[in-house]
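Colleague:
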């Protein structure tokens, strides 16, 4: 269903009021791919423009309280062996490759955890944590057949980076002497919708407000992955 610009802006106001900035990433726009009525503007880019106009709400997303350690001691075993969540299976496999096979991936480094809880309980959770040199990456993983748009990935990664206690997570994983910066980034499949949108944005000038928003939120890196014969390969893209 196509919306007018006024309708999109109205929906954004409703979502911001109901979900607040911390839950905005999970609003209805997340699967929008088309343009608004009688225009060549992408609906998701109108949403990005709205976020830019309310940027302070997003900058002020509050840190979530976690009394327990961020390091939940994950063992690399799926909680449900019959899980049909491909995203979860990919996350666990990457973790096991790094921690049981001693693989250090190009660009993203070593995966040190998956489903890292942001507060007491299981949700919300960071999909993957990785360490590359002096950088701790907060990675928002998207599976091969994900229908979500790039904007959703960017806002979700950013939101989690605001909700985590950076000092505590570095300490809980014993990284005090190594980590100099914490960076949030989407980790998307190389042939997904999100990758197509990113390339159009960067190379063709489409979705200018999404581009500007990524600059404002300091989400300037996107990692892409592919799987071939059971092995995973990564590349790093920047705006």
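In the UniProt record's numbering, the protein residues as written are 1 to 239. Quick reminder that beta carbons are idealized off the backbone N, C-alpha and C, glycines included. Here the structure is a predicted model, which means the values were calculated and not measured.
Compare the C-alpha of residue 231 against each of 197, 104, 157 and name the closest.
Modeller: Minimum Cα distance to residue 231 is reached at 104.
Colleague: For residue 124, collect the residues of the same chain with a Cβ closer than 6 Å to its Cβ; drop the 5 residues on either side in sequence, then sort them by chain order.
Modeller: Around residue 124: 118.
Colleague: Relative to the alpha-carbon of residue 87, which residue among 146, 151, 171, 190 has its alpha-carbon at the smallest distance?
Modeller: Of the listed residues, the one whose Cα sits closest to residue 87 is 146.
Colleague: Does the segment 149–165 come close enough to the segment 12–30 that 3 or more CB-CB pairs lie under 8 Å?
Modeller: Touching, yes.
Colleague: Nearest by alpha-carbon distance to residue 127: which of 134, 121, 133, 138 is it?
Modeller: Among 134, 121, 133, 138, the Cα nearest to that of residue 127 belongs to 138.
Colleague: Residues in its own chain within less than 7 Å of residue 198 by CB, not counting five upstream and five downstream?
Modeller: Here the set comprises 150, 222, 237.
Colleague: What do you get for residue 114, buried or exposed, if any count of 16 or more other CB atoms within 10 angstroms of its CB means buried?
Modeller: Looking at its Cβ environment, which holds 16 or more other Cβ atoms inside 10 Å, residue 114 is buried.
Colleague: Within 10 angstroms of the Cβ of residue 152, are there 16 or more other Cβ atoms? Answer buried if so, exposed if not.
Modeller: Buried is the call here.
Colleague: Between the beta-carbon of residue 109 and the beta-carbon of residue 132, is there less than 8 Å?
Modeller: Yes, the Cβ-Cβ distance between residue 109 and residue 132 is below 8 Å.
Colleague: With distances taken Cα to Cα, identify the nearest neighbour of residue 39 among 55, 212, 6.
Modeller: Residue 39 has its Cα closest to that of 6, out of 55, 212, 6.
Colleague: With burial defined as no fewer than 16 other Cβ atoms inside 10 Å of the residue's Cβ, what is the status of residue 217: buried or exposed?
Modeller: Buried: at least 16 other Cβ atoms inside 10 Å.
Colleague: In the structure shown, what three-state DSSP assignment does residue 187 receive?
Modeller: Three-state DSSP puts residue 187 in a strand.
Colleague: By DSSP, does residue 116 sit in helix, in strand, or in coil?
Modeller: Looking at residue 116 - three-state DSSP - the assignment turns out to be strand.
Colleague: Start and end of the beta strand (DSSP E) containing residue 161?
Modeller: Looking at the DSSP string, residue 161 is not in any beta strand (DSSP E); the run it does join, the alpha helix (DSSP H), is 150–163.
Colleague: Closer than 8 Å by C-beta to residue 175: which residues in its own chain qualify, once you throw out the five before and the five after it? Chain order, please.
Modeller: Result list for residue 175: 131, 136, in chain order.
Colleague: Residue 140 bridges to which residues according to DSSP?
Modeller: BP columns for residue 140 point to 186.
Colleague: Would you mind working out which of 187, 155, 202, 205 sits nearest residue 57, comparing C-alpha positions?
Modeller: Of the candidates 187, 155, 202, 205, the one whose C-alpha sits nearest the C-alpha of residue 57 is 155.
Colleague: Quick one: what's residue 232 bridged to in DSSP?
Modeller: BP columns for residue 232 point to 227.
Colleague: On the criterion of 16 or more Cβ atoms from any shown chain inside 10 Å, does residue 227 qualify as buried, or is it exposed?
Modeller: Exposed.
Colleague: DSSP beta-bridge partners for residue 237?
Modeller: Paired residues: 222.
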